[in-house]
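**Student:** Let me give you the structure first, and then I'll get to my questions.
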């Protein structure tokens with residue numbers, strides 16, 4: 001995309017005003033998406049976004065500018081703006097010599113989606129529509145989307161690093177509406193991986209469609225969710241978002257540094273049930289949050305955050321690691337070349353426990369079984385978090401009984417981590433997610449085995 | 464020093480694309496360009512200073528009922544030709560939709576808006592940084608228990624143009640500035656958070672003091688909050704929360720959801736869907752609205768539409784597509800998500816007609832209730848298709864007509880259908896917030912609170 005000698009001159013320009021660090025992050029994204037709704041392929045769309053963001057760090061100040069012009073002149077102009085923004089004085093000229101860091105892919109691609117015919121992509125959605133509607137006569141509407149994207153990345157910095165990567169993501173999502181005497185209900189499912197079009201040799205899109213449709217149909221018979229605190233069992237692969245919200249964000253070193261995390265100063269302490277070992281793993285092959293290198297050029301890592309309930313470490317990006325004399329952990333990520341990197345999660349999951357999932361349900365006299373979760377959010381300073389249950393059932397006398405309507409669950413992160421009293425042996429990853437922080441979205445994955453939380457507040461309307 | 468309106472250059476680019484339409488094709492080109500600054504201050508120092516420049520073009524081609532789109536984040540002429548070629552190729556994969564088509568000029572007069580302030584262009588970098596620093600200082604000074612997470616100044620200058628083969632040809636520009644501050648308040652082991660913001664067309668309009676006071680107040684007022692007992696209560700939504708609630712109601716009232724069988728309120732036109740106290744309108748022509756605009760995303764005149772009149776459902780908002788499909792006139796509510804894709808129907812500037820009493824007067828009449836000051840998880844706990852409503856919340860208990868102890872970590876739940884009917888009062892404290900809906904105190908009874 002950009003030659004090393006150009007990168008070297010741009011980095012030198014970035015250091016002109018006396019800065020100690022300059023960085024170029026250039027990316028070229030191309031993607032295709034197709035939408036089906038109301039029984040027809042509505043629209044195929046393709047897009048391209050390329051450009052470079054230039055970051056200049058001077059003491060406590062970061063200057064940043066970006067441009068869609070990848071010519072040397074365009075890059076130099078952006079570097080001058082970034083350097084000016086971080087100005088501390090006249091730094092003179094510093095010569096940069098880049099040395100290429102090889103990137104080891106964590107997600108090998110078999111079939112590049114950009115080489116697959118558009119009609120093959122359209123065909124997937126037709127199969128989805130047919131399968132969802134065939135699930136039951138109550139299905140009144142189906143919408144589905146396919147998207148793929150390929151991003152080529154170059155990162156170079158004044159420490160001499162230059163790294164390149166290519167990232168491919170392929171995603172399919174299905175949303176169904178069921179209509180009955182009780183009104184309308186919706187069901188959703190999706191599959192997404194850092195994988196090429198071979199994804200659809202490995203998963204049956206009909207099955208994704210059927211799951212989404214069945215979720216909507218089941219809820220037609222659902223009763224209002226209960227209201228109040230009670231035991232909650234969360235199905236394997238559906239509750240990783242709980243850890244993402246309940247503690248993941250609170251373990252991001254930038255939030256910790258500003259005292260905006262309940263986990264500040266807690267390294268080495270027991271912060272969760274001893275059953276819990278929590279990992280953030282950017283190397284997890286083909287998972288949605290997998291990256292070979294982070295967006296600062298650092299290789300992704302397997303980072304243990306909580307081990308047997310004890311907080312072992314936070315996640316780090318370049319800036320926080322540098323300020324605190326720590327090592328980067330491969331968690332410096334950004335939405336696009338237009339954004340500054342921050343500490344972000346990749347694939348965050350809880351390792352297996354020893355319980356049989358059926359036993360966990362059997363041993364729960366009454367409570368709620370959550371089989372699918374929607375999104376969530378957290379206030380990292382207080383630890384209060386919510387997440388939405390999109391498929392849930394009552395547990396009565398150790399058995400899963402009636403389906404429940406949708407609602408939010410609310411809890412406090414540190415409390416909920418301590419309240420996990422059963423952990424299954426049936427680990428699974430969940431749906432692909434997009435994590436939002438400070439206005440930027442990045443792809444993330446999550447996962448966990450079936451588990452029980454002693455007490456969580458269910459935000460329904462039934463007494 | 465003021466710059467000439469260069470959105471006309473963008474219109475020329477759009478015109479050139481439209482001129483390339485082949486017989487039988489409808490072509491739309493949407494072209495935009497923006498320049499923005501973000502300054503973040505922390506502990507009296509500039510943490511980052513971002514200077515951002517973006518541009519892009521989105522092209523939509525329709526032929527024989529088939530639609531294709533394509534976009535690129537550049538205005539490089541060689542790329543534009545590629546974007547048009549891609550859109551043309553993409554349409555061959557779309558399926559025939561008899562209602563597909565671009566907007567056509569409908570003769571509705573544009574209500575001019577002042578969306579550009581030349582004074583903002585003259586603002587020095589030093590002044591921008593100083594504003595963020597001043598906001599941080601004032602928030603810290605407002606209360607000894609307050610820390611500041613970050614204090615930010617942002618401004619944006621945007622230009623856009625849209626042209627179509629159907630005769631739409633508009634261009635315009637808009638600018639504005641924004642201050643925001645995130646606060647933390649500590650009391651022993653406990654920490655609570657708050658935020659404050661100020662908006663303006665130029666920096667003199669930014670009320671720094673109000674932003675600082677609100678940020679300090681929001682963080683400190685929740686200190687010592689406990690988890691309330693589960694029960695059914697009357698809730699008073701703070702104006703900021705009401706604005707978010709109205710946004711959700713607005714999303715259920717669009718013609719596209721109706722024609723695609725996803726609206727709670729399909730077949731309910733003329734019915735009393737809300738308490739007669741409620742009159743809800745979408746009025747982007749009101750210059751006081753933060754999202755006031757002269758044209759919609761398709762290039763048609765924005766207009767004032769009454770959606771619910773004294774509780775009666777009067778109309779849905781429409782894009783040209785949904786209007787054509789429902790056999791009604793468009794309401795000028797085409798909303799564009801960015802340069803890519805086609806516009807869809809959506810509300811532009813919602814407002815509920817205010818009542819007369821202040822929040823204090825309203826609270827005085829409530830025996831057991833909660834003043835809801837913040838909500839969390841509207842995106843995960845509200846389903847605008849089924850109407851199920853459940854959200855995390857925090858606020859103050861109301862007992863015997865007085866506001867008392869803070870409460871948090873609970874949810875409030877009902878259904879959207881029921882909540883509209885259960886509104887018992889609309890406050891007189893209309894607040895123009897930097898959102899797609901205005902705020903006002905709103906009283907809703909019989910809401911389930913889930914806590915301890």
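Residue numbers (our numbering), protein chains in the order written: chain U, 1 to 463; chain B, 464 to 915. Where a beta carbon is used, it is the ideal one built from N, C-alpha and C, also for glycine.
Comparing alpha-carbon positions, which option in 317(U), 420(U) and 383(U) lies nearest residue 465(U)?
**Tutor:** Beyond the ends of chain U as shown, which are 1 and 463, falls residue 465(U); an answer cannot be given.
**Student:** Thinking just about the alpha-carbon of each residue, which of 621(B), 551(B) and 809(B) is nearest to the one in residue 584(B)?
**Tutor:** Nearest of 621(B), 551(B) and 809(B) to residue 584(B), Cα basis: 621(B).
**Student:** Any idea what DSSP makes of residue 640(B), helix, strand or coil?
**Tutor:** Residue 640(B): strand per DSSP, three-state reduction.
**Student:** If we ignore side chains and look at the alpha-carbon of each, how far apart do residue 213(U) and residue 407(U) end up?
**Tutor:** Looking at the two C-alpha atoms, the distance is approximately 19 Å.
**Student:** Taking 7 Å as the threshold (C-beta atoms), are residue 633(B) and residue 644(B) in contact?
**Tutor:** Going by C-beta atoms, residue 644(B) is not nearer than 7 Å to residue 633(B).
**Student:** Considering only the alpha carbon of each residue, which of 747(B), 796(B), 871(B) and 488(B) lies closest to residue 689(B)?
**Tutor:** Taking only the C-alpha atoms, the option nearest residue 689(B) is 871(B).
**Student:** Could you say if the stretch 67-85 of chain U and the stretch 545-556 of chain B meet the contact criterion of at least three C-beta pairs nearer than 8 Å?
**Tutor:** Result no; under three Cβ-Cβ pairs closer than 8 Å.
**Student:** Pull up the CB-CB distance for residue 176(U) and residue 142(U), whole angstroms please, since I reckon it's below 8 Å.
**Tutor:** Between residue 142(U) and residue 176(U) the Cβ distance is about 5 Å, and since that is below 8 Å, they are a contact.
**Student:** What is the rounded straight-line gap between the Cα of residue 400(U) and the Cα of residue 247(U)?
**Tutor:** Their backbone Cα atoms lie some 28 Å apart in a straight line.
**Student:** For residue 464(B), name the three-state secondary structure that DSSP assigns.
**Tutor:** In this prediction, residue 464(B) scores a pLDDT of 46, lower than 50, which makes its location untrustworthy; the coordinate-derived value is nonetheless stated afterwards. Here residue 464(B) sits in coil by DSSP.
**Student:** Near residue 596(B), which residues of its chain fall below 6 Å by C-beta distance, leaving aside the five closest residues on each side in sequence?
**Tutor:** Excluding residues within five positions, the ones whose Cβ falls inside 6 Å are 504.
**Student:** Between residue 455(U) and chain B, is any beta-carbon pair separated by less than 7 Å?
**Tutor:** Closer than 7 Å: no.
**Student:** So, is the C-beta of residue 908(B) closer than 7 Å to a C-beta in chain U?
**Tutor:** Cβ-Cβ to chain U under 7 Å: no for residue 908(B).
**Student:** Can you find a C-beta in chain U that's less than 7 Å from the C-beta of residue 876(B)?
**Tutor:** So yes, residue 876(B) belongs to the interface.
**Student:** Let me see if you follow: with CB-CB separation under 7 Å, is residue 431(U) close to chain A or not?
**Tutor:** Among the protein chains of the structure shown, namely U and B, there is no chain A.
**Student:** With a threshold of 7 Å between beta-carbons, can residue 44(U) be considered close to chain B, or not?
**Tutor:** Judged by the 7 Å Cβ criterion, residue 44(U) is in contact with chain B.
**Student:** Do residue 812(B) and residue 752(B) have their C-beta atoms within less than 7 Å of each other?
**Tutor:** Yes; because the gap between Cβ atoms is below 7 Å, this pair is in contact.
**Student:** Counting contacts by CB-CB distance shorter than 7 Å, is residue 723(B) in contact with chain U?
**Tutor:** Closer than 7 Å to some Cβ of chain U, the Cβ of residue 723(B) qualifies, so yes.
**Student:** At least one CB of chain U closer than 7 Å to the CB of residue 572(B): is that the case?
**Tutor:** No - not a single Cβ of chain U is within 7 Å of the one on residue 572(B).
**Student:** Contact criterion: CB-CB distance below 7 Å. Does residue 511(B) meet it with respect to chain U?
**Tutor:** Answer yes: the Cβ-Cβ gap between residue 511(B) and chain U drops below 7 Å somewhere.
**Student:** Between residue 920(B) and the rest of its own chain, which residues show a CB-CB distance below 7 Å, the 5 nearest in sequence each way excluded?
**Tutor:** Residue 920(B) is absent from the model: chain B starts at 464 and stops at 915.
**Student:** DSSP on residue 778(B), reduced to helix/strand/coil?
**Tutor:** The answer is coil: DSSP assigns residue 778(B) none of H, G, I, E or B.
**Student:** Quick one: measure Cβ to Cβ for residue 419(U) and residue 430(U), integer angstroms, because I've assumed they're closer than 8 Å.
**Tutor:** Not really, about 21 Å apart at Cβ, beyond 8 Å.
**Student:** Based on the DSSP output, what are the partners of residue 190(U) in its beta bridges?
**Tutor:** Per DSSP, 173(U).
**Student:** Give me the residue from 242(U), 322(U) and 194(U) with the minimum Cα distance to residue 411(U).
**Tutor:** With distances taken between Cα atoms, residue 411(U) lies closest to 242(U).
**Student:** Measure the alpha-carbon distance for residue 464(B) versus residue 653(B) and round it to whole angstroms.
**Tutor:** Because the pLDDT of residue 464(B) is 46, which lies under 50, any placement of that residue in the model is unreliable, and the question is left without a value.
**Student:** What do you get for residue 791(B), buried or exposed, if any count of 16 or more other CB atoms within 10 angstroms of its CB means buried?
**Tutor:** It counts as exposed.
**Student:** What distance in whole Å lies between the Cβ atoms of residue 165(U) and residue 103(U), which are believed to be in contact at a cut-off of 8 Å?
**Tutor:** Right, the Cβ-Cβ distance comes to about 5 Å (below 8 Å), so this counts as a contact.
**Student:** If you run the structure through DSSP and keep just helix, strand and coil, what is residue 810(B)?
**Tutor:** Correct three-state label for residue 810(B): coil.
**Student:** Only counting runs of 4 or more residues, tell me where the alpha helix (DSSP H) segments fall wholly within the stretch 228-277 of chain U, in order along the chain.
**Tutor:** Counting whole runs of 4 or more residues, the stretch 228-277 of chain U contains the alpha helix (DSSP H) stretches 240-243 and 253-257.
**Student:** May I ask you to verify whether the stretch 296-306 of chain U touches the stretch 273-286 of chain U, counting CB pairs closer than 8 Å and requiring at least 3?
**Tutor:** Yes, the stretch 296-306 of chain U touches the stretch 273-286 of chain U.
**Student:** State the start and end residues of the unbroken beta strand (DSSP E) segment that holds residue 217(U).
**Tutor:** Run containing residue 217(U): none in the beta strand (DSSP E); it sits in the alpha helix (DSSP H), 205-220.
**Student:** Would you say residue 329(U) and residue 316(U) are within 7 Å of each other, going by their C-beta atoms?
**Tutor:** Yes, these two residues count as a Cβ contact at 7 Å.
**Student:** For residue 189(U), decide whether its Cβ has a neighbour in chain B, counting only Cβ atoms nearer than 7 Å.
**Tutor:** Answer no: the Cβ-Cβ gap between residue 189(U) and chain B never drops below 7 Å.
**Student:** Identify which residue in 342(U), 232(U), 229(U) and 348(U) has its Cα closest to the Cα of residue 289(U).
**Tutor:** With distances taken between Cα atoms, residue 289(U) lies closest to 348(U).
**Student:** Quick one: is residue 612(B) near chain U, going by C-beta distance under 7 Å?
**Tutor:** Interface residue, yes.
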